[in-house]
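Residue numbers (the working numbering): 25 to 108.
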């Protein structure tokens, strides 16, 4: 990524209570729906892009959260949100 590091915040979640619950109940498809709620929560943040390439409930080794701040509101955040 070409973003300035001070405008980027990234973290990885390696454990998830939802994954444990849905895995135990053999309902992993529901887990993916819970992952999608992050798009609803973070997708409309002003001046911010939200990106994610993997989640635990969708078979990834972690849930990666990547936020990039812009100096001006670059328009529709929903169009810039990227997630699996």
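Glycine included, every Cβ here is placed at the ideal spot set by N, Cα and C.
Going straight from the alpha carbon of residue i to that of residue j, what length do you get?
i: residue 47; j: residue 65; result: 24 Å
i: residue 70; j: residue 51; result: 34 Å
i: residue 53; j: residue 81; result: 8 Å
i: residue 43; j: residue 29; result: 31 Å
i: residue 78; j: residue 57; result: 13 Å
i: residue 67; j: residue 49; result: 29 Å
i: residue 95; j: residue 32; result: 12 Å
i: residue 55; j: residue 90; result: 20 Å
Per DSSP, which residues does residue i bridge with? Please list them.
i: residue 40; result: Bridge partners of residue 40: none, in fact.
i: residue 46; result: DSSP, once it has assigned bridges, lists no residue as partnering residue 46.
i: residue 94; result: DSSP, once it has assigned bridges, lists no residue as partnering residue 94.
For residue i, name the three-state secondary structure that DSSP assigns.
i: residue 62; result: helix
i: residue 28; result: coil
i: residue 86; result: coil
Taking all protein chains shown into account, decide if residue i is buried (16 or more other Cβ within 10 angstroms of its Cβ) or exposed.
i: residue 87; result: buried
i: residue 37; result: exposed
i: residue 74; result: buried
i: residue 92; result: buried
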